[in-house]
Amino acid sequence: MTSGPVGEEPVTSGPVGDGAGTPGPAGGPAAGPAAGAPGTPGPAGGGAGEPGGQGVTERRLHPFTPLRRAWVPIAATVGVLAQQGDRAARWVADLSTLLRLVTLVGVVLMFGVYGFLSWWFTHYAVTDTELRIRTGLLFRRTAHIRLDRLQAVDVTRPLLARLTGVASLRLDVIGTEEKDQLAFLGEQEAVALRAELLARAAGFAPEEAVRLGEAPQRELLRVTPRELAVSLALSLGVWAALAGGIVAPFAVWWFSSSPWVAVATLLPMLGAVWAGTAGRFLTEYDWRVAESPDGLRLDHGMLDRAHETVPPGRVQTVRIVEPLLWRRSDRVRVELAVAGSKNEVLVPVASRAAAYAVIARVLPGVDLAGLSFSGSPDTGSRWVVPVWWKGYALAVSPEVFAARHGRLCRRTEIVPHAKVQSVRFTQGPWARARGVADVHVDTGANGTVTARLREASAAARLLHEQAARSHTSRATARPDRWMTESGPEA
Amino acid sequence: MDTGTKGETDGLRWVGLPGGLLTMRRTLLVVWSGLLAVATALPLGLLVGPAWAAAGAFWLAAGGWGWALLGRNWRSWRYAERADDLLISRGVLWREQTVVPYGRMQLVEVTSGPVERRFGLASLQLHTAAAATDARIPGLVPAEAERLRDRLAALGEARSAGL
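Residue numbers (my numbering), protein chains in the order written: chain A, 1 to 490; chain B, 1 to 163.
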């Protein structure tokens, strides 16, 4: 979340801020025409001709936003100055004290005006069917985000935003961009807006949606810091990252005999190591999974707190990860794929029973414990994928297609039949000679689940059965607006 | 219509690709291998020695091999319209069969490049919400491509489903 809704055009706004001179009075007349827009359907907002026809109230972001907006160009200027170090220092030294002050004030004013204007010209409105975001002073941009295509809602509170009591809200709809998030809103406002958007997306009437407020939630699972720390300590990946981070710079130092090269390699390595260990601990700290009629709520993070909501029926793939060292205590990690969303983790670590209970909320009616996996035929597979063939297994139930792979870190990927976009059968020459084939199942989250090394005739049969299954399963899938019909567990 | 494969297996009506695609690919192959052979043989023959010009025959041999490969590959392409989905099968060594349910189609595209147009051909490409879906039928007769497009679009609308 580096750029805000209008962060893409600092150049175009720059001259405007320049010409305006002083911030206060200049902002007034310039914004005059726009000030009339709230309350009435604005020219850009009303262009769609909503059948509902009720006055769409446009709202502004939190007044704190300009500070954040101004921060980006200031940081860019500082960056440029730092890069041009010597020349900038000489240039500054040539100026008199007065001129220096004037320049400083001018720069601050310019960015302040830019930030103010970009905030002033950013509006959002919620209609029956859409969230509309209207931004831009010179280059207008209106994003209409369809609520019935909503895949997930995220409210994030980065550390600085938490101190100032604001939050950013993002709707995950396929095709939305980074700048389509609402940053920043007041914390209360963000939570209320999330509730309203979800209620409208679910198909409640607008008055009802505002009145309903935050849906009640029931906590399903909570990961204690101790459990999380132990799980990270037992991850081979974490140790590999640490070992790599320590060994690689020394190796580079040894070979290049220059400590500076080692430091240069160390910095990016440290970033990766940080992300894999302490960073992961910080983001997954105090992980809570709660259930509400809106869907599953995920709250997590130590410094940056994130609140994600996954509405029911939006999960394309669930992945159960079982690292080698976790298997003794039967712990699993659950990841999920939602189209157009960056949320990846559902449960960072939990006992198998607890994890299955959470998955049961995401994939209703699926009996995970009852899945019977069948391995690859050992006669052929052994020669196609020598050692690892034993890790491949497949289970198909009336609800899901589940494929497993990996021996050290075992991953089981589960796709509900209703989410299957297409099915593919592939077979290379070597695999054909050994009588095995692969079956791929493509899902909407740009993921593919592959059942590798199935017996060839069984794979051909599986291809057609899977196509038929995903067809019949789609017919019984719940509607996009999940409250318009009584869902299975509403 | 002259097609590579036709026939019914397991109650499926498989349709092969029209001969135009094979003609186009083979013509391109002949043109390119001929050009490469000349481009190799001429400088070698003039600069190094006349005997070296025989190296150009390598491209002719490769072209001959490609001629056979193209034929096999063309025969392997076939598709079948079923009640609820479209089946596309292709490949000789690396076989691939794709099933795309009509309800999952987001977009049906008919494209035709300049060379394809010269040979009176058009390609059909199906898009679903999954980027991995690779459902393309190359070298169709434009009328057939348009018929297929309209039929798929109509069926897709009738059986449309969310994500």
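Think of the CB as a built atom: it goes at the ideal place given N, C-alpha and C, for glycine as much as any other residue.
Check whether the Cβ of residue i lies closer than 8 angstroms to any Cβ atom in chain B.
i	result
residue 405 of chain A	no
residue 429 of chain A	yes
residue 109 of chain A	no
residue 343 of chain A	no
residue 30 of chain A	Low per-residue confidence applies at residue 30 of chain A: pLDDT is 35, beneath 50, and the placement is therefore not dependable enough to give any value.
residue 470 of chain A	yes
residue 188 of chain A	no
residue 193 of chain A	no
residue 421 of chain A	yes
residue 50 of chain A	The predicted model places residue 50 of chain A with a pLDDT of 38, which falls under 50 and marks its position as unreliable, so this point remains unresolved.
residue 474 of chain A	yes
residue 425 of chain A	yes
residue 152 of chain A	no
residue 172 of chain A	no
residue 175 of chain A	no
residue 232 of chain A	no
residue 317 of chain A	no
residue 267 of chain A	no
residue 467 of chain A	yes
residue 463 of chain A	yes
residue 442 of chain A	yes
Closer than 8 angstroms, CB to CB, is residue i near chain A or not?
i	result
residue 96 of chain B	yes
residue 84 of chain B	yes
residue 148 of chain B	no
residue 153 of chain B	no
residue 129 of chain B	yes
residue 103 of chain B	yes
residue 100 of chain B	yes
residue 138 of chain B	no
residue 40 of chain B	no
residue 133 of chain B	yes
residue 107 of chain B	no
residue 93 of chain B	yes
residue 156 of chain B	no
Closest to residue i by CA distance: which of the options is it?
i	options	result
residue 218 of chain A	A/100, A/416 and A/361	A/361
residue 339 of chain A	A/415, A/141 and A/130	A/415
residue 319 of chain A	A/428, A/114, A/145 and A/400	A/400
residue 103 of chain B	A/452, A/419 and A/458	A/419
residue 152 of chain B	B/139, B/127 and B/138	B/127
residue 191 of chain A	A/127, A/299, A/256 and A/273	A/299
residue 146 of chain B	B/77, B/131 and B/111	B/111
residue 376 of chain A	A/405, A/345 and A/279	A/405
residue 331 of chain A	A/354, A/116 and A/312	A/354
residue 358 of chain A	A/295, A/370 and A/417	A/295
residue 385 of chain A	A/409, A/356 and A/430	A/430
residue 267 of chain A	A/284, A/378, A/244 and A/288	A/244
residue 477 of chain A	A/164, A/65, A/108 and A/363	A/363
Could you tell me which residues DSSP pairs with residue i in its beta bridges?
i	result
residue 416 of chain A	A/400
residue 366 of chain A	Per DSSP, none; premise fails for residue 366 of chain A.
residue 98 of chain B	A/424 and B/88
residue 307 of chain A	A/155 and A/299
residue 290 of chain A	A/219 and A/297
residue 109 of chain B	B/125
residue 155 of chain B	Beta-bridge pairing links residue 155 of chain B to no other residue.
residue 393 of chain A	A/375 and A/404
residue 81 of chain B	B/86
residue 172 of chain A	A/152
Is the distance from the Cβ of residue i to the Cβ of residue j below 8 angstroms?
i	j	result
residue 491 of chain A	residue 169 of chain A	Here chain A has residues from 1 to 490 only, and residue 491 of chain A is not among them.
residue 326 of chain A	residue 221 of chain A	no
residue 154 of chain A	residue 172 of chain A	yes
residue 455 of chain A	residue 436 of chain A	yes
residue 237 of chain A	residue 276 of chain A	yes
residue 174 of chain A	residue 151 of chain A	yes
residue 64 of chain B	residue 41 of chain B	no
residue 132 of chain B	residue 446 of chain A	yes
residue 184 of chain A	residue 65 of chain A	yes
residue 156 of chain A	residue 167 of chain A	yes
residue 426 of chain A	residue 94 of chain B	yes
residue 114 of chain A	residue 182 of chain A	no
residue 67 of chain B	residue 29 of chain B	yes
residue 262 of chain A	residue 252 of chain A	yes
Continuous alpha helix (DSSP H) assignments of at least 4 residues falling wholly in the stretch 113-152 of chain B: 114-118
Sequence ranges, beta strand (DSSP E) only - wholly within the stretch 318-360 of chain A, length at least 3: 331-338 and 345-351
3-residue-minimum beta strand (DSSP E) runs that sit fully inside the stretch 108-144 of chain A, ordered along the chain: 123-126 and 130-135
Complete runs of the alpha helix (DSSP H) confined to the stretch 427-462 of chain A [at least 4 residues]: 429-433
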